[in-house]
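K.L.:
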Amino acid sequence: MSDTVQQARLRALLEAEKKVLKAQEWQDGTIKSRRADYQQIRNSIDELRAAGVTLPEETAGSTGAASASRTKRIVLLD
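Residue 2 is where the sequence shown starts when you use my numbering, and the numbers rise one by one after that.
(1) Could you give the distance in angstroms between the alpha-carbon of Lys19 and the alpha-carbon of Ala37?
(2) Please report the distance separating the alpha-carbon of Ala67 from that of Lys73.
(3) Can you tell me which of the three DSSP states Arg74 falls into?
(4) Compare the beta carbon distance of Ile46 and Val21 with 8 angstroms and say whether it is the shorter of the two.
(5) So, Leu15 versus Val54, is the Cβ gap smaller than 8 angstroms?
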């Protein structure tokens, strides 16, 4: 199944968000690279989500409102 243009854009933005969260800037010798602004990426993702764009894998496992409201408890240990 092929993504629509909006789904492809959302997928690319989510991937960019992951990369920005891992490392905003890196340097290898004399080469220096800086990733895009996180806030711009987040705003674009929010706009697509508000327009109702979802990815197929996000809706495939969903069985309705009950699965969307699941919560998980995470306990951090020192």
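C-beta: ideal position from N, C-alpha, C; glycine also.
P.N.:
Working from what's here:
(1) Against the sequence shown, residue 19 aligns to sequence position 18. Against the sequence shown, residue 37 aligns to sequence position 36. The alpha-carbon atoms of Lys19 and Ala37 are separated by roughly 12 angstroms.
(2) Position 66 of the sequence shown, counted from the start, is the residue given in the question as residue 67. Position 72 of the sequence shown, counted from the start, is the residue given in the question as residue 73. Here the model assigns Ala67 a pLDDT of 48, short of 50, so the residue's position is not dependable, and the following value carries that caveat. Roughly 14 angstroms between the two C-alpha positions.
(3) Sequence index remark: in the sequence shown, residue 74 carries index 73 (1-based). Reduced to three states, the DSSP call for Arg74 is coil.
(4) Working through the sequence shown from its first residue, we reach residue 46 at position 45. Working through the sequence shown from its first residue, we reach residue 21 at position 20. For Ile46 and Val21, no; Cβs fall outside 8 angstroms.
(5) The residue given as residue 15 occupies position 14 in the sequence shown. The residue given as residue 54 occupies position 53 in the sequence shown. No, they are not a contact pair.
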